[in-house]
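Student: Numbering (this note's numbering), first residue to last: 2 to 98. Cβ atoms here follow ideal geometry from the backbone N, Cα and C, with glycine treated the same way. Please read through the structure below; I'll follow up with questions.
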Amino acid sequence: MLIGLDGSGWAGLPLTGGIAAALAPQAGMDTATLAALAQNAATWTGGGTRVIWSSLIVVAGFCRVPVGDLVRRLAIPVVSGLLVAAVATSTSPPPSP
């Protein structure tokens with residue numbers, strides 16, 4: 002999450018890939034699966050969310066709902082999706098070679 006503070010969701014991709022390559026063998030996980038989860042998390046918490054969440058302004062205006070209310074209502078499902086992806090990744094067996 003710290004790497005996303007610069008406003009670029011893409012800055013974390015090489016870092017998370019390298020960390021996944023270093024940690025996956027010790028954790029008994031597939032490197033590609035762990036890297037994919039980490040890179041999605043880096044994009045979601047960084048500037049990549051600007052494109053996704055920017056449509057909230059349009060949707061809130063169309064529905065005549067305050068943007069802040071819509072963000073508060075959608076924050077829990079977004080974070081829940083990240084947690085479900087993390088649990089699914091950590092419990093899935095590695096692919097066979």
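1. Can you round the beta-carbon distance between A42 and G18 to whole angstroms, since I take them to be within the 8 angstroms contact cut?
2. Specify, as a first and last residue, the run of the alpha helix (DSSP H) that R73 falls within.
3. Within the continuous alpha helix (DSSP H) that includes A28, where are the two ends?
4. Could you tell me if T44 is buried or exposed, where buried requires 16 or more neighbouring beta carbons within 10 angstroms of its beta carbon?
5. Nearest CA to the CA of L16: which residue from P26, L38, D31?
6. With DSSP as the reference, label S56 as helix, strand or coil.
7. Taking Cβ to Cβ, would you say V68 is nearer than 8 angstroms to I58?
8. Here's a check: name, in chain order, each residue in its chain whose Cβ is nearer than 7 angstroms to the Cβ of A101, leaving out the five neighbours to either side.
Tutor: With the structure as the only source:
1. That belief does not hold up - the Cβ atoms of A42 and G18 are roughly 12 angstroms apart, past 8 angstroms.
2. Run containing R73: 68-92, per the alpha helix (DSSP H) assignment.
3. 13-28
4. T44 counts as buried, since no fewer than 16 other beta carbons sit within 10 angstroms of its beta carbon.
5. With distances taken between Cα atoms, L16 lies closest to L38.
6. When secondary structure is reduced to three states using DSSP, S56 falls in the helix class.
7. For the pair V68 and I58, the CB atoms are nearer than the 8 angstroms cut-off.
8. With the chain represented from 2 up to 98, any question about residue 101 goes unanswered, as that position is not in the structure.
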